[in-house]
Structure formats: C-alpha cells, structure tokens
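Shown next, in structure tokens, is the structure this report addresses.
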C-alpha cells in the first residue's frame, strides 16, 4: 500500500511518569494520576466548549516504542495474545487511546485525571467521550479470563 | 515542531456507505450498520484472541476530508464548537475512533456492527474496548444541551 498519513503533535502531555517503569501496569492497576494536556497555542481555539465534558479520549503516540510484535504477552497475563487484542505499545501504527477525566482548563492547558502516558508524550488528537457500552453488555475476552485465574 | 508520525493502513473497511451523505448524522442518529474490517494478510496474526471481545475501538483515517477548522457547527447542533469538543472530520490530525460490536471473524475479516465509515476507509488500528465510564458519571457538554433544546 502506498497510502500513508503523516501526523504531527497538537500538544504534549505533562505527566508524573518519567519512564515506562513508573506507569502502573498489570491486573488491577489503577490509573488515577493527574497530569496536563498542554495544547499548542495555534490549536487553542479548537478547545472551545470542551469544559462541558467530563471525560475525553486522548489519542497519543507511543513515541518511545520501536517496531511491533503481532503476538506478545501483556503485563496483565502470562499468555500471548494478538496485538489488536491488547493495548501493547509495539503496534504496526504506534497509536494509543486513553480515557481521562477533565478536571479543569486554563487556556491551552487541560488538567486531567487518569494519565498513563510518559511526560512529554506527543498528543495527536482529543475527542469528547460521548457514550458508553453498558458493562453488562461488555465481553472482555482473555483479560476477564486472566482476572478470573488470578482470583481463583 | 519537526516531530511527525507516519501511519499506514493495516486494512480497509467494507461499509454500506459509499458517500458521506449516506452516513446517519445528527441528533438521535443510530449506528447499527453492519460492515467488515478487512485486515491485510501480513497483520492477521495480530487478531489472535480478538474473538473474545464484544466491542472494539477502530481507529481510522478521515482519508476523504481535507484541511481543518478549529471552530465548526456539528450536524448535531446549530452552534459552533471547538474541533476537539466534536467528532468533526476536519481536524488537525484526521483520525477517527468508532466503537463497534464484534459479530464474528473469518480469518483476516472481522464482521462488525456500528460502522459509520465510508466504504474503503483506511483502518489504522484496532484495540479491545475494556471498560466504560458509567453513564451517571458522564457529562456530555454542548451535546446534552442541544438534545435538551430539541426535546424542549
């Protein structure tokens, strides 16, 4: 395929995590860390009315991972799974999504809870979180099985 | 910023929608259309164990939109909002997320419900949908206000 897409940062994350080993991982990991989404001044107008949303999708780049693995063991399991069935950073396209809670805004800076990015990570896009799949309709595949094995 | 990221398709969408006017839009639009995520053979191994998940995030490219608008009127409102507070295709980085329900799989093809992409759209990534924000905790900003005005 000759088709390709070139993306550039719209801003950068301010995070307490300086290296990957700082980020909580594995079963039961809590993501309550607070951080900032520092949007570049040229894009600030695009944040208009974002304060009304409680939760946002942040799309960001795994800018410190190299290459990809189609099969790998996630930190939440001791078995291998396909990369598209995990959130592994070693993906064909190194893109991540994190859902964060919006706490506040000062100009081009969004204060959020739930960051799992490293400090300085490139932000590619922000979108409002508009609706949820009800938990009773959600099947969580190998992750639910790994959780059940851990409890059992 | 000189930093940039080049992404390539991991597959293409099979969709009943041939042009943007075919895609349901606006308040109350239902997204129940069925389609296929046709993953390229070289990435098929990355789908291992995906069948266990009921819902997936599909990250895809707005490959038929040009340029961006920091403020715009979405089809769900008659007022302008910032691009990062909407799902507008005219974004600094033309990336979209759609949550789909996984119905089945045949080799490199995923059959899904809830497509809102055009036929032939480039898929950039697929991730499992692992958890939801409870609806009672979700604030939906201008969209909730537009819905209330429509009902009122």
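Residue numbers (the numbering used here), protein chains in the order written: chain A, 1 to 152; chain B, 153 to 304.
For every residue, glycine included, the Cβ atom is placed at its ideal position computed from N, Cα and C.
Mapping DSSP to helix, strand and coil, what is residue 88(A)? coil
Buried or exposed, going by whether 16 or more other CB atoms sit within 10 Å of the CB of residue 193(B)? exposed
Using a Cβ cut-off of 8 Å, pull out every chain A residue sitting near residue 255(B), in sequence order please. Those do not exist, as residue 255(B) stays about 12 Å from chain A at its closest Cβ, beyond 8 Å.
For residue 6(A), which beta-bridge partners are listed by DSSP? 158(B)
Tell me where the alpha helix (DSSP H) around residue 145(A) begins and ends. 141 to 151
On a Cα-Cα basis, can you pick out the residue from 51(A), 75(A) and 16(A) that is closest to residue 290(B)? 51(A)
Presumed contact (8 Å Cβ cut-off) between residue 11(A) and residue 35(A), rounded CB distance: Not confirmed; about 12 Å, so no contact.
Close Cβ partners of residue 85(A) (< 8 Å) along its chain, the five nearest in sequence each way excluded: 141 and 142
Per DSSP, what are the beta-bridge partners of residue 38(A) in this structure? 12(A) and 109(A)
Taking Cβ positions only, does residue 95(A) come closer than 7 Å to chain B? yes
Distance between residue 198(B) and residue 71(A) (C-alpha atoms, nearest Å): 6 Å
What does the alpha-carbon distance come out to for the pair residue 200(B) and residue 76(A)? 16 Å
Endpoints, beta strand (DSSP E) assigned at residue 125(A): 122 to 128
Can you name the start and end residues of the beta strand (DSSP E) that residue 208(B) belongs to? 207 to 213
Same chain, Cβ closer than 7 Å to residue 206(B), neighbours up to 5 away in sequence not counted: 253 and 254
Rounded to the nearest angstrom, what separates residue 281(B) and residue 180(B) at their Cα positions? 23 Å
Nearest candidate by alpha-carbon position, reference residue 173(A), set 62(A), 105(A), 149(A) and 44(A): With chain A represented from 1 up to 152, any question about residue 173(A) goes unanswered, as that position is not in the structure.
On the DSSP bridge list, what partners appear for residue 223(B)? 234(B)
Assuming residue 170(B) contacts residue 271(B) under a Cβ cut-off of 8 Å, what Cβ separation, rounded to an integer in Å, is found between them? 6 Å
According to DSSP, simplified to helix, strand and coil, what is residue 172(B)? helix
Beta-carbon proximity of residue 90(A) to residue 69(A), cut-off 7 Å: yes
Establish whether the CB of residue 292(B) and some CB of chain A are separated by less than 7 Å. yes
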